[in-house]
Amino acid sequence: MKNKEKQSFLDWFLSSQGATSVAVVILGFIIGTILVLLVGRNPAGLFKAIGQSIIGKAGKNGAWNFRNVGETLAYSIPYILCGLSMGFAARVGLFNIGAEGQYIVGMLAAQAVAVCIPSFPFQWLICLLVAIVAGAIWGGIVGFLKAKYKVSEVVATIMLNYIALYLFRIIAFKMPAGLTNRTYQTAPLQSGALLSKFLIKTSNLNIGFFFMIAACLIYWFIMEKTKMGFAFRATGYNKDAARCSGINADSAIASSMAISGAFAGLAGACVLLGGAYTTGRIIQGMDNYGFMGIAVALVGNSRALGIFLAGLLFGVLKQSQSIMQGMNIPKEITFIIQGLIVIFIALRSGLELVKAYRSRVLVRKEAQKV
Amino acid sequence: MMIFQSIPTIMMIVAPILITAIGGMICEKSGVVNIALEGLMSIGACTAASVHFLMEAAGCGRYSLAVALLAGMVVSGLFSLIHGVAAIDLKAEQTISGTGINLLADGITVFACQILFSQDRSKEFRVGMLTDKLGFYPTFYIAIAVVAISWFMLYKTPFGMHLRACGEHPAAADSAGINVRRIRYTGVFISGILGGLAGGCVVLTQTIQFTSNLINGRGFIALAAVAFGRWTPWGVTGAALLFGGAQALAVLSTNFTALKALPSEVFNILPYLVTLLALVIFSGRDYAPQSCGKPYNKSSS
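Protein chains in written order, with my numbering: chain A, 1 to 370; chain B, 1001 to 1301.
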């Protein structure tokens, strides 16, 4: 009896994507902890830092500091939005490595409005809108090339990431005060363009959070509740079958990439205007939110709720970096944990082999009975 | 005149890109997509820089460069095997495991520096590679050797034919008695050691320490060179020369009065833009190995 129960747990585990995601995350943390132990540091600091960025209190006697919680939530905004970007494309069977580029282009568009146009009411809203449009165009290009010319979206998005990076620099240098000072910033962002803070005013938690929540809801609604979403998912499962049943797969690919890009573009605007920057940026490299978005979507199984939770986790890791550095633990351990999580998710396909093996064994047993 | 004087500098920048691209090409020819080249270069560069610094400090500077390159190759090769296990044995989505290695490399290199040197970069070594009489670094000759050997191996040896067969039609290769799994592992491992070698070449010629943004897209340029060079050694060499040349111009453009007016980023964009356009222009024809990126399932065929 006991044996049977155990077996059914294994079956449940193998078939539940949520459970394997949780297992993968735990495994990533375990190996990260072992690594910290191996190099002779105390892993307690790692978990203390993580705890502090979740509840804002350090240990037993630590003071409450809600700023940490606010920063955690603020960091999770771009992670979740980029995760939605990756996840949306994944549901249509596309691998959008281009969230980073779409994020950069969105930030560029927002910065153009925020730096070059004098302050006016609701400037921030215009900034967010142009960022969404810019990201959608950048993603749409890939979708168009994929649908029309069968260009691999993986290679195309990698190329567009770097094109976006250098395009940003070329244009940012042309913005007011872009070339004059050497501190890699442009003229200040107009006050009307900044996203206002709420709840925890000492942190950078801004109203971009509500736009992120709205994006999650829109994601869920489009995917699960609309005809368009059905066409997307059908294309993702089997392009040819979708085509046969009258779905325009090409247009599904192009438009899904555009929507995908829109999420990432919004992320770019939220980071720029979210309070961390007072002047326009001249980026020197990638911010990596887009790449981490891949991990977020994978952990979240491309479902809206899953991406939301996974994005929060990544926000926690990001905020805990600065705290654990003070506890003598290299903050890069969080990157290692994130990388390990993605690798384990890739290895998850091995579970399919386990499943296939188990069903083979089962069939053999049945055959022996007969 | 200026152009001739710049050739060694251009070659210094081209060589690592070319070496990595050849590795990526071999990997894809065996049927496994490898977008982890960037991360593998990073790991190779970090290992080579650390080993070279430590050996130099210990006073065995004479053999240090060769040992450093070798160490970079070995460590990076071992990391590439993670991709091999995922892609070949576990039939994973190859883009995902590649992305995972890239992310992991970001963390593990700087983490290693934090542990070894208590800072977020490796310590500066005193002397890297030296140029010869013509002004070329040894990496130039290494790159030429890599191209020649890879061409010979791919087209003139039985192993090369087997490797190409595994990328085109693994089932046919299998039925002819070729061990697809072993060949693909070899392909991935070669891309790992060449990526590590190239990373070492970057750090030992172009700078004096490893930093987190040292590789800065070189691996992705190599990936572009593989696609633009249409998966042949000579095509990849041409693409790497073009792209590396563009990267060099980004550095050198201040020396040319005619190019000064352009922002240097224009040259940085060039490889990516050219590759994207080429993919569109050549979209009708398939140059990529046919089964590239598809796991081979022995039992189902």
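C-beta: ideal position from N, C-alpha, C; glycine also.
Quantities reported herein were computed from a predicted structural model and do not represent experimental measurements.
Exercise for the section: Report yes if the CB atom of V342(A) is closer than 8 Å to the CB atom of I1215(B), and no otherwise. Expected result: In the first sequence, the residue the question calls residue 342(A) occupies position 342. In the second sequence, the residue the question calls residue 1215(B) occupies position 215. Taking 8 Å as the cut-off, the beta carbon of V342(A) is found no closer than this to the beta carbon of I1215(B).
Handout entry: CB of W124(A) within 8 Å of CB of L73(A), strictly
Key = Position 124 of the first sequence, counted from the start, is the residue given in the question as residue 124(A). Position 73 of the first sequence, counted from the start, is the residue given in the question as residue 73(A). Cβ atoms of W124(A) and L73(A): not closer than 8 Å.
Exercise for the section: Quick one: residues in its chain with C-beta nearer than 7 Å to the C-beta of L1223(B), no 5 flanking neighbours on either side, listed in chain order? Expected result: By 1-based counting over the second sequence, the position of residue 1223(B) is 223. These residues qualify, in order along the chain: G1024, I1035, L1037.
Exercise for the section: Apply the 10 Å Cβ neighbour rule to Q102(A) and answer buried if 16 or more other Cβ atoms are within range, or exposed otherwise. Expected result: Start at 1 with the first residue of the first sequence, and residue 102(A) comes out as number 102. Buried, because 16 or more other Cβ atoms sit within 10 Å of the Cβ of Q102(A).
Practice task
Indicate whether the contact test is met: 3 or more Cβ pairs, each with one atom in the region 1081-1096 of chain B and one in the region 1050-1067 of chain B, closer than 8 Å.
Solution key: no
Exercise for the section: Please go through the same chain and pick out, in chain order, the residues whose beta-carbon is closer than 6 Å to the beta-carbon of G1244(B), but skip the five residues on each side of it. Expected result: Taking the second sequence and counting its residues from 1, the one referred to as residue 1244(B) is at position 244. For G1244(B), where only same-chain residues beyond five positions count, the Cβ hits under 6 Å are I1013, V1014, I1017.
Problem - Which of helix, strand or coil DSSP assigns to T157(A) - result: Here residue 157(A) refers to the residue found at position 157 when the first sequence is read from its first residue. Of the three classes helix, strand and coil, the one that applies to T157(A) here is helix, per DSSP.
Exercise for the section: Please confirm if the region 1098-1105 of chain B is in contact with the region 1221-1239 of chain B, defined as three or more CB-CB distances below 8 Å between the two stretches. Expected result: no
Practice task
Run down chain B in chain order and give the residues with a C-beta less than 8 Å from the C-beta of P78(A).
Solution key: Position 78 of the first sequence, counted from the first residue, corresponds to residue 78(A). In chain order: nothing, as chain B lies at least about 16 Å away.
Practice task
Identify whether W138(A) lies in helix, strand or coil by the three-state DSSP scheme.
Solution key: Locating residue 138(A) in the first sequence gives position 138, where the first residue counts as 1. In the structure shown, W138(A) sits in a helix (DSSP, three-state: H, G or I).
Practice task
Please go through the same chain and pick out, in chain order, the residues whose beta-carbon is closer than 7 Å to the beta-carbon of C1292(B), but skip the five residues on each side of it.
Solution key: Position 292 of the second sequence, counted from the start, is the residue given in the question as residue 1292(B). Excluding residues within five positions, the ones whose Cβ falls inside 7 Å are E1028, G1031, V1033, G1167.
Problem - Contact with chain A by D1132(B), beta-carbon distance below 8 Å - result: Numbered from its first residue, the second sequence carries residue 1132(B) at position 132. It does not: the Cβ of D1132(B) has no partner Cβ on chain A nearer than 8 Å.
Exercise for the section: Over the uninterrupted alpha helix (DSSP H) stretch that includes G280(A), give me the two end residues. Expected result: On the first sequence, residue 280(A) is found 280 positions in, with the first residue counted as 1. Counting along the chain, G280(A) falls outside any alpha helix (DSSP H), though it belongs to the beta strand (DSSP E) covering 279-281.
Exercise for the section: Go through its chain and collect everything with a Cβ distance to R1285(B)'s Cβ below 6 Å, but skip five positions before and after it. Expected result: Stepping through the second sequence from its first residue, residue 1285(B) is reached at position 285. Counting only Cβ-Cβ distances below 6 Å, and skipping sequence neighbours, we find nothing.
Handout entry: Three-state class that DSSP yields for P1158(B) in the structure shown
Key = Along the second sequence, one-based indexing puts residue 1158(B) at 158. If DSSP states are grouped into helix, strand and coil, P1158(B) belongs with the helices.
Handout entry: W12(A) in three-state terms, based on DSSP
Key = Counted from its first residue, the first sequence places residue 12(A) at position 12. Looking at W12(A) - three-state DSSP - the assignment turns out to be helix.
Exercise for the section: For the region 71-100 of chain A, enumerate the residues whose C-beta is nearer than 8 Å to any C-beta of chain B, in chain order. Expected result: Residues of the region 71-100 of chain A whose Cβ lies closer than 8 Å to any Cβ of chain B, in chain order: F95, I97.
Practice task
Grab me the residues of F1189(B)'s own chain with a C-beta within less than 8 Å of its C-beta, minus the 5 sequence neighbours each way, in chain order.
Solution key: On the second sequence, residue 1189(B) is found 189 positions in, with the first residue counted as 1. Around F1189(B): G1077, S1080, L1081, G1084.
Practice task
Can you pull the chain A residues whose beta carbon is under 8 Å from the beta carbon of I1101(B), in chain order?
Solution key: Indexing the second sequence from 1 puts residue 1101(B) at position 101. Within chain A, the residues near I1101(B) are G339, I343.
Handout entry: C244(A), buried or exposed, once every other Cβ within 10 Å from all chains shown has been counted against 16
Key = Against the first sequence, residue 244(A) aligns to sequence position 244. It is exposed - the Cβ of C244(A) has fewer than 16 other Cβ atoms within 10 Å.
Handout entry: Neighbourhood of N68(A) by C-beta distance below 7 Å, restricted to the same chain and skipping five residues each side
Key = For the purposes of this step, residue 68(A) is taken as residue 68 along the first sequence, with counting starting at 1. Within the same chain, N68(A) has close Cβ partners Q52, S53, G56, Q319.
Exercise for the section: Name the two residues that bound the continuous alpha helix (DSSP H) containing T1205(B). Expected result: Indexing the second sequence from 1 puts residue 1205(B) at position 205. Start and end: 1180-1206.
Handout entry: chain A contact residues for Y1272(B), given Cβ-Cβ distances below 7 Å
Key = Numbered from 1 along the second sequence, position 272 holds the residue referred to as residue 1272(B). Within chain A, the residues near Y1272(B) are M159, Y162, I163.
Handout entry: Within-8 Å CB hit, E1093(B) to chain A
Key = Translated into positions along the second sequence, residue 1093(B) becomes position 93. So, interface residue.
Practice task
Work out the CA separation of L129(A) and P1271(B) for me, nearest whole Å.
Solution key: Sequence index remark: in the second sequence, residue 1271(B) carries index 271 (1-based). Sequence index remark: in the first sequence, residue 129(A) carries index 129 (1-based). Taking the straight line from one Cα to the other gives about 31 Å.
Problem - P118(A) - DSSP class collapsed to helix/strand/coil - result: By one-based count along the first sequence, residue 118(A) stands at place 118. DSSP places P118(A) in the coil class of the three-state scheme, outside both helix and strand.
Problem - Stretch pair the region 261-272 of chain A + the region 205-213 of chain A: three plus CB contacts closer than 8 Å - result: yes
Exercise for the section: Would you kindly report the start and end of the unbroken beta strand (DSSP E) that includes T186(A)? Expected result: Taking the first residue of the first sequence as 1, we reach residue 186(A) at position 186. Where T186(A) is concerned, the enclosing beta strand (DSSP E) stretches over 185-188.
Exercise for the section: Go ahead and pull the three-state DSSP assignment for V25(A). Expected result: Position 25 of the first sequence, counted from the first residue, corresponds to residue 25(A). Correct three-state label for V25(A): helix.
Exercise for the section: Kindly list, in the order they appear in chain E, the residues whose Cβ is closer than 7 Å to that of I1108(B). Expected result: The chain inventory of the structure shown lacks chain E, comprising the protein chains A and B.
Problem - K318(A) - DSSP class collapsed to helix/strand/coil - result: Mapped onto the first sequence, residue 318(A) falls at position 318. The answer is helix: DSSP assigns K318(A) an H, G or I state.
Exercise for the section: Using a cut-off of 7 Å between C-beta atoms, extract the partners of A1227(B) located in chain A. Expected result: Residue mapping note: residue 1227(B) aligns to position 227 of the second sequence, counting from 1. For A1227(B), the residues of chain A that pass the 7 Å Cβ criterion are V155, in the order they occur in the chain.
Handout entry: Through-space distance from I1022(B) to T1194(B), alpha-carbon basis
Key = By one-based count along the second sequence, residue 1194(B) stands at place 194. By one-based count along the second sequence, residue 1022(B) stands at place 22. The question names Thr, but residue 1194(B) is Leu in the sequence shown. L1194(B) and I1022(B): Cα-Cα distance of roughly 8 Å.
Practice task
Using the DSSP secondary-structure output, state which residues sit across from N206(A) in a beta bridge.
Solution key: Residue mapping note: residue 206(A) aligns to position 206 of the first sequence, counting from 1. Paired residues: K197(A).
Exercise for the section: Taking only beta-carbon positions, decide if M1001(B) is within less than 8 Å of chain A. Expected result: On the second sequence, position 1 is the one that residue 1001(B) refers to. A caution first: M1001(B) carries a pLDDT of 49, below 50, which makes its placement in the model too unreliable to give a value.
Problem - Straight-line gap, W1234(B) to T1186(B) (C-alpha atoms, nearest Å) - result: Taking the first residue of the second sequence as 1, we reach residue 1234(B) at position 234. Taking the first residue of the second sequence as 1, we reach residue 1186(B) at position 186. Inter-residue distance for W1234(B) and T1186(B) is about 21 Å (C-alpha atoms, whole angstroms).
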